[in-house]
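The opening position of the sequence shown corresponds to residue 1 in the UniProt record's numbering, with each subsequent residue numbered one higher.
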Amino acid sequence: MISTEDFLSLSVSARTKLLSQLQNAHKRSYANHHTRTKPKINCPFCNSPDFSLNGYSPSGKERFLCKSCNHSFAITTGTPIHAIKKPEKFLKYFNIMSCGYKPLKNMAEETGISLSAAFEWRHKILCAMESMNENYVGITDFRQSEMPFSRKGLKNTEEINENKQFITNVLAVADYRNHNEITVLSVGKLKMADFPDEIQHKLFTQAIVLAPWHKVVSDFFRAGKSSYTLFRPEKPYNRFDVRNADKLHDAMNTYIKQRMKGVSTKYLQTYSAWVERIAGFNKRNTNDWAVLIKNQMAWGRYANQEDSFRYFIENKADIVYKRSFNRNWKTAENFRITSLNRHKQNQDLH
1 MISTEDFLSL
11 SVSARTKLLS
21 QLQNAHKRSY
31 ANHHTRTKPK
41 INCPFCNSPD
51 FSLNGYSPSG
61 KERFLCKSCN
71 HSFAITTGTP
81 IHAIKKPEKF
91 LKYFNIMSCG
101 YKPLKNMAEE
111 TGISLSAAFE
121 WRHKILCAME
131 SMNENYVGIT
141 DFRQSEMPFS
151 RKGLKNTEEI
161 NENKQFITNV
171 LAVADYRNHN
181 EITVLSVGKL
191 KMADFPDEIQ
201 HKLFTQAIVL
211 APWHKVVSDF
221 FRAGKSSYTL
231 FRPEKPYNRF
241 DVRNADKLHD
251 AMNTYIKQRM
261 KGVSTKYLQT
271 YSAWVERIAG
281 FNKRNTNDWA
291 VLIKNQMAWG
301 RYANQEDSFR
311 YFIENKADIV
321 YKRSFNRNWK
331 TAENFRITSL
341 NRHKQNQDLH
């Protein structure tokens, strides 16, 4: 190691040469280090895997530059931890939430944050939860049920009472190989078009569907190519049941209606994905929660929830959409196309 005195004793040309050598060595070391540790992620804006290193942020986070859309991003951009100012507390909150349901007040006290922050953090995490993408196999229970339409959180009691007569159609599908799914279909009278196409695709190949008879459900299966049996549970000679789908609906009632005292329909789809996990239905991936914290779609869904709800109401409901959330984020527009396109493809309420 060269000392300051030794360096100053060198001639000007020798100093210049040494500094040049050190600079080149640093560049090689920097390049080698980042080649080895370049994360396996895609651009959160356009999903392109083609990006380059783009220095560091003032806080020391490594940043990247997408070669397709030219957006700059960090490894946390778009994830639930995006724009979180207290990451240590957020990770503690995340770990508590992964262990099961606790009221928001308790979550806020345990992590030392405000009640409003606890609400926002919960919804950021919920927006990271994906619906199941696997096909159903073997005997598959299929049951549609109803939940009250809710605008919980609104201060306008007249508008709340105005929509009390409407119901939200919810579908539970479950086979006997740990493939479970709860889907919010529509608000108002159920129609065949309310069933998303991907449900039919998941049932088509290997599922043998059992479902209680319902006119719209019957039309849905007759229009498709799935193998199915419809039965009338009220008949004394009936020997079929949909116990797995019933368990999903029971879990929804236990957590959503009883423990949470209701959830706004705007958030019902994301909460249903959480119920699957905390009620023990989601056993497909033991590393599921570790995957959630890296989901780059989470922030886009969270920032554009109101637009997604508007799309849902305008296309899947018998009521008129009324905006109830006026908060906007500067980065929401960057994620809007990705978020809404994904929403339209899945026809889910995120």
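Yeah, the Cβ is synthetic: ideal placement off N, Cα and C, and Gly gets one too.
Take residue i and list the residues in its own chain whose beta-carbon comes closer than 7 Å to its own, dropping the five residues that flank it on each side.
{"i": "K84", "result": "At residue 84 the sequence reads Ile, which differs from the Lys that was named. Contacts found: F90."}
{"i": "S264", "result": "S150, R151, K152, G153"}
{"i": "L248", "result": "A172, A174, N180, I182, F281"}
{"i": "S98", "result": "W289"}
{"i": "D194", "result": "N169, L185, S186, K316"}
Short of 6 Å in beta carbon distance, which residues of its chain neighbour residue i, apart from the five on each side in sequence? Order them along the chain.
{"i": "C69", "result": "F45, C46"}
{"i": "L171", "result": "Q144, T183, L185"}
{"i": "I313", "result": "Y321"}
Please report the distance separating the alpha-carbon of residue i from that of residue j.
{"i": "G300", "j": "T183", "result": "20 Å"}
{"i": "S13", "j": "E88", "result": "49 Å"}
{"i": "T270", "j": "K124", "result": "10 Å"}
{"i": "S72", "j": "V216", "result": "48 Å"}
{"i": "R232", "j": "S114", "result": "50 Å"}
{"i": "A273", "j": "M252", "result": "10 Å"}
{"i": "S145", "j": "K40", "result": "41 Å"}
{"i": "T77", "j": "V291", "result": "15 Å"}
{"i": "D288", "j": "F94", "result": "13 Å"}
According to the neighbour-count rule (16 or more other Cβ atoms, all chains shown, within 10 Å of its Cβ), is residue i buried or exposed?
{"i": "K330", "result": "exposed"}
{"i": "L268", "result": "buried"}
{"i": "Y176", "result": "exposed"}
{"i": "Y255", "result": "buried"}
{"i": "C43", "result": "buried"}
{"i": "N201", "result": "The residue you asked about is not Asn; residue 201 is His in the sequence shown. Exposed, by the Cβ-count rule."}
{"i": "Y56", "result": "exposed"}
{"i": "P49", "result": "exposed"}
{"i": "Y321", "result": "exposed"}
{"i": "Y237", "result": "exposed"}
{"i": "R122", "result": "buried"}
{"i": "A223", "result": "exposed"}
{"i": "Q165", "result": "exposed"}
{"i": "Q258", "result": "exposed"}
{"i": "N315", "result": "exposed"}
{"i": "L10", "result": "exposed"}
{"i": "L203", "result": "buried"}
{"i": "Q296", "result": "buried"}
{"i": "T79", "result": "buried"}
For the ligand PLP, any of its heavy atoms closer than 8 Å to the Cβ of residue i?
{"i": "R177", "result": "Judged by which ligands are present, the structure shown has none, so any question about the ligand PLP falls away."}
Exercise for the section: May I have a chain-ordered list of the alpha helix (DSSP H) segments no shorter than 4 residues that lie completely inside the segment 180-212? Expected result: 197-204
Exercise for the section: Please determine if the segment 321-332 and the segment 102-116 are in contact, where contact requires at least 3 C-beta pairs separated by less than 8 Å. Expected result: no
Handout entry: the segment 218-227 touching the segment 239-246, judged by at least three CB pairs closer than 8 Å
Key = no
Exercise for the section: Write down every uninterrupted run of the alpha helix (DSSP H) in the segment 67-155 whose length is 4 residues or greater and which is fully enclosed by it, in chain order. Expected result: Listed in chain order, the alpha helix (DSSP H) runs fully inside the segment 67-155 are 87-98, 104-111, 115-126, counting runs of at least 4 residues.
Practice task
Pair every Cβ in the segment 207-214 with every Cβ in the segment 267-282, then say whether three or more of these pairs are closer than 8 Å.
Solution key: no
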